[in-house]
Each structure stands twice: as structure tokens, then as C-alpha cells.
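In my numbering, the protein residues as written are 221 to 532.
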């Protein structure tokens, strides 16, 4: 990839200067932009001068390390379609990024809802026992048979003082099932890979900004999905009321916890990908991935070890 070239004069009719005349110097016409590695030594040629060599009038870039010549295409094959394809790929990247935010938020909200439901299970059981005891004291004509296990009797529920009810059970910290927090393992399994993915997908941003953007986007969507799920608990009978009473505490804890594995994925994702590329790909195939190094001001690795010194 090169910068736009000005119109060039027609090539010299002779491939070499007349005998006795000195060789014509190469004409500098542009500067190479983007990552391109020397095919011999692996030096990153970005920033090097693009010249029109005097013998064949071809555009080339010379490696400053080993003097190997890299030829260039003067007229882009795609023509005007290059910008169109670039815009299409940028739109696809944006849509994919937004879709990933949506998918990860849905997965996180599912894990968080599961944690809240599990934590509220002992409270739901206790509420059901108290409702059953209340119904047993009613005359037979006033004690309707529940249509399903755990059905909520609205008359009984409206007569309850929820803070006092929790206080009688020792508070929400005593009645809750804290083993539900083992479900945070699912949050880890979702947030860390997501952080790695987004860290690589947004190489144009510093990792602090990547974390901010992803935390705000996924956090807002996850809260939206969790709140939407809580709106359905009213129809879940006694257990739904139990989740409404203490579930928000565990949902908030799980949501705040999700920031930790997300940050781990974002901050360690790029170094991890670089290590994996070094381990899995031979040096000649790492060229297309040099941006993983150059995006953070690092020098790509050379075939013999070490790093490529990039022209500045």
C-alpha cells in the first residue's frame, strides 16, 4: 500500500543509459505506508521511500538492512472499488462489533440471572412454607387449593411486610444461598474471551479505552436484559417474589465482578495473542499480523529471533 502517486513520465525507451553515460539515479516518488516485511530478513519496510528504479522504470522499495528489493504494483488492481470494499469492510467490522456486544451481554445476563435465582432458593422455600401454614389456618371454604406448587396467594402476600419478613429470617445475608456465587465461573468463562476478542478487534484504541468502551456497552446492555428478566419474576409465584427480594444484591455483585475478567482479557489479550503467534506460526507467516506489534509501538519479531526494527 502506498500513498497516491503523481502522474509519471513515460519510461525511458532504453533499458540502460548509452555507453559512457553515468547511470541515472533512482527517482523517489512516494513513501510506503502500512506493514510489509522484507522477504529476506523480515525488516518492516513501512516508512521507507518508494522509488522508480532507473533500469526498468519499476516502483520498488529497498530494504535498508539487507538491500533486498521489494517490487510494488503501480496501479491498484481494484481501482475505485478499493474504497468501496474498504467502506464495506469497515461497516461489517462495526456491525460485528455491535453484534458481539449484544451476544456477550445476553450470555452475561443469563449467567447473572442464574446466580440470583440460585441465591434466592432458600428464601423461596421459606416463603412457601409460611404461606402453606397460613392457608392451613384458614377455614376450608376460604382456603383455595393452589393450581401448581409454589403458587402465590395474593391475599397472603399483600399482608406481608417484606423488611420485617427478611429480618425474622436473619436478613438477606443469612437466608441467601451463597454457594450460588460459584456461578461466577460462567462469568469468567464469558468475559475473559470477550475481552481478548475486543482487545484485538479494536487495535486502533489504547487498552484503557477498549476497557471503557466495552465495559460501558456490555454493562448497559446486560443491565437492560437483567431488568427485563426481573419484570417476569412477578409471574413466577412464590419463588419469583423471593428473587425480587434478594436477587438484586447478587445481580449487582455479579455485574461488578464481571469487570475484573473483562479487564484481564483486555489487558492481557494482545500480549497473549503475540505469544500464540510466535508459538504457532513460522516467522514468514507472521507478516500479516505485524499490526499486533506496531499498533502498540512495538517492533515485530524477526525470523532469527529478537524484533524487527521499524523505520520511524
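The beta-carbon is built from N, C-alpha and C at its ideal position, and this holds for glycine as well.
Per DSSP, which residues does residue i bridge with? Please list them.
i: residue 280; result: 271, 291
So what does DSSP say about residue i, is it helix, strand or coil?
i: residue 266; result: coil
i: residue 464; result: helix
i: residue 304; result: helix
i: residue 343; result: helix
i: residue 518; result: coil
i: residue 506; result: coil
i: residue 359; result: coil
i: residue 501; result: coil
i: residue 380; result: coil
i: residue 397; result: coil
i: residue 459; result: helix
i: residue 327; result: helix
i: residue 390; result: coil
i: residue 512; result: helix
i: residue 309; result: helix
i: residue 372; result: coil
i: residue 348; result: helix
i: residue 424; result: coil
With 16 as the cutoff for other CB atoms within 10 Å, does residue i come out buried or exposed?
i: residue 321; result: buried
i: residue 496; result: exposed
i: residue 382; result: exposed
i: residue 500; result: exposed
i: residue 402; result: exposed
i: residue 223; result: Low local confidence applies: a pLDDT of 49 at residue 223 is under 50, so the model's placement there is unreliable, and no value is given.
i: residue 367; result: Note that residue 367 scores 49 on pLDDT, short of 50, meaning its location in the model is unreliable; the coordinates nonetheless yield the value given after this. Residue 367 should be labelled exposed.
i: residue 430; result: buried
i: residue 508; result: exposed
i: residue 491; result: exposed
i: residue 498; result: exposed
i: residue 374; result: exposed
Provide the residue span of the alpha helix (DSSP H) that contains residue i, from first to last.
i: residue 419; result: 404-421
i: residue 247; result: First-last for residue 247: 247-251, but that is the beta strand (DSSP E), not the alpha helix (DSSP H).
i: residue 256; result: Here residue 256 belongs to no alpha helix (DSSP H), and DSSP marks it neither H nor E.
i: residue 478; result: Run containing residue 478: none; DSSP gives neither H nor E here.
i: residue 449; result: 427-450
Closest to residue i by CA distance: which of the options is it?
i: residue 468; options: 480, 482, 453, 481; result: 453
i: residue 259; options: 505, 436, 304, 353; result: 505
i: residue 254; options: 247, 261, 270, 248; result: 270
i: residue 466; options: 343, 436, 349, 425; result: 343
i: residue 330; options: 471, 285, 435, 418; result: 471
i: residue 475; options: 442, 493, 461, 451; result: 442
i: residue 325; options: 390, 302, 446, 423; result: 446
i: residue 486; options: 371, 380, 411; result: 411
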